[in-house]
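Accompanying notes for the structure given below.
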Amino acid sequence: MKISLCNEVLAGYDFARQCELARQMGYDGLEVAPVTLSEEPHLLTAEQRRHFRKIAEDQGVPVTGLHYLMVAPRGLSITSADAAVRQRSIDVIRRLIALAHDLGGGIIVHGSPQHRRLEPGQEADGRRHAIECWAAIARDAESAGITYCIEPLHQPDANFVNTVEEAAAIVRQIGSPAVRTMIDCSAATIWEKQSVPDLIRQWMPSGLIAHIHFNDPNRRGPGDGTLAFGPVITALRETGYAGNAAVEPFIYIPDGATCAARNIGYMRGVIEALS
5 MKISLCNEVL AGYDFARQCE LARQMGYDGL EVAPVTLSEE PHLLTAEQRR
55 HFRKIAEDQG VPVTGLHYLM VAPRGLSITS ADAAVRQRSI DVIRRLIALA
105 HDLGGGIIVH GSPQHRRLEP GQEADGRRHA IECWAAIARD AESAGITYCI
155 EPLHQPDANF VNTVEEAAAI VRQIGSPAVR TMIDCSAATI WEKQSVPDLI
205 RQWMPSGLIA HIHFNDPNRR GPGDGTLAFG PVITALRETG YAGNAAVEPF
255 IYIPDGATCA ARNIGYMRGV IEALS
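Going left to right, the sequence shown walks through residues 5 to 279 as this note's numbering numbers them.
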């Protein structure tokens, strides 16, 4: 299994140094938060995109995809009652799909819980608006060869799309091979009724799971908490998962670089022990 690093863990370094460190630590690629590239990442020029892609590929850690999607530019929402805000959000998402393609990535993770919140009293409209937004970008993802993953996240961080079952229903409703879902180990451990391995065994055969984030329910990285990843890897192997994974901690103790190195060392050790 190829394992990428979510690059905001190393956000204190420039992109070239992030790539160098990720390679030295043993990662196979970078999953990029667009805001780490620019405050207006959807407007990066073709030359800038080629530049970032060349840096990553020259270091041997190609960009595998994007996540932390709607932080920049500001003011985005796919559930807003304001049609202009939703249309602007769709336009930005389309441009980020193109960015992912131009950087050489194949996956987009749509987490961004604050930008898909359902407002009290407007829950039904908010859900409808979000599904319409995801349906609107499906053809763009198909054309770009990008798999667009709706990420279930736990409450209270997110009040919409909290389980794989909920995400899967939306994916089936949209009916595009480019729109799928994924498992975030931290969120799933906190909110799902099943364990992560059992969740994998249930949903992987559906063909709807296209990605996985390795992290602990304490919001740190794999190996920095109580979640055992041996059973997770075993379940992925049993179900024939052939996709990529990414390490995504949110709390860095003592710092991002130390955590990233420790987390990939732990995951490589787990994988080797099961080989």
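We put the CB at the ideal spot given by N, CA and C, even for glycine.
Cβ shell of residue i (< 6 Å), same chain only, five flanking positions each side left out
| i | result |
| --- | --- |
| E44 | P77 |
| D129 | none |
| F164 | R120, L122 |
| K6 | D32, N248 |
| E252 | C10, H217, N219 |
| V67 | L34, V36, A60, L107, G108, G109 |
| Y152 | I112, A145, A182, V183 |
Three-state secondary structure (DSSP) of residue i
| i | result |
| --- | --- |
| V113 | strand |
| V36 | strand |
| S42 | coil |
| Y270 | helix |
| I7 | strand |
| V13 | helix |
| G149 | coil |
| T238 | helix |
| I59 | helix |
| T243 | coil |
| T68 | strand |
| I154 | strand |
Nearest candidate by alpha-carbon position, reference residue i, set the options
| i | options | result |
| --- | --- | --- |
| I154 | A128, P124, H217, P201 | H217 |
| T40 | Q22, A277, E51 | Q22 |
| Q177 | Q118, G247, R131, M271 | R131 |
| T193 | R184, L203, T185 | L203 |
| L107 | D62, I135, I82 | D62 |
| L278 | T238, R266, V67 | T238 |
| G179 | A162, G211, T167 | G211 |
| L231 | A140, V96, Y270, C10 | Y270 |
| G16 | Y256, S8, R272 | Y256 |
| D220 | R241, I187, E24 | I187 |
| G234 | V274, N222, R224, S199 | V274 |
| V13 | R223, R272, G229, Q198 | R223 |
| I141 | I112, N267, A26, P201 | I112 |
| P201 | E146, V236, H114 | V236 |
| D18 | S8, E51, F56, M29 | F56 |
| R27 | I150, V65, A87 | V65 |
| P181 | W138, E276, L25 | W138 |
| S8 | A250, H215, H114, R92 | A250 |
| A191 | S42, Q198, H158 | H158 |
Neighbourhood of residue i by C-beta, 8 Å cutoff - its chain only, sequence neighbours within 5 removed
| i | result |
| --- | --- |
| P209 | T243 |
| P38 | P45, H46, L70, Y72, L73, V75, A76, L100, L103 |
| R205 | A239, E242, T243 |
| A172 | T185, W207, S210, L212 |
Residue i classed as buried or exposed, judged by whether at least 16 other C-beta atoms fall within 10 angstroms
| i | result |
| --- | --- |
| A85 | exposed |
| G260 | buried |
| R54 | exposed |
| S116 | buried |
| E35 | buried |
| A134 | buried |
| G79 | exposed |
| A148 | buried |
| R143 | exposed |
| G227 | buried |
| T49 | exposed |
| P160 | exposed |
| G125 | exposed |
| T362 | In the structure displayed, the chain extends from 5 to 279; residue 362 sits before or after that span and is not available. |
| T262 | exposed |
| A88 | exposed |
| A246 | exposed |
Residues near residue i in its chain [Cβ-Cβ closer than 7 Å; skip 5 each side]
| i | result |
| --- | --- |
| A20 | I59 |
| T167 | P156, W195, E196 |
| E170 | P156 |
Note to self: List, from N- to C-terminal side, the beta strand (DSSP E) runs of 3 residues or more that fit wholly inside the segment 159-236.
What the structure shows: The segment 159-236 contains these whole beta strand (DSSP E) runs: 183-188, 213-218.
Item checked: Entirely enclosed beta strand (DSSP E) segments - the segment 71-131, minimum 3 residues -> Runs found: 111-114.
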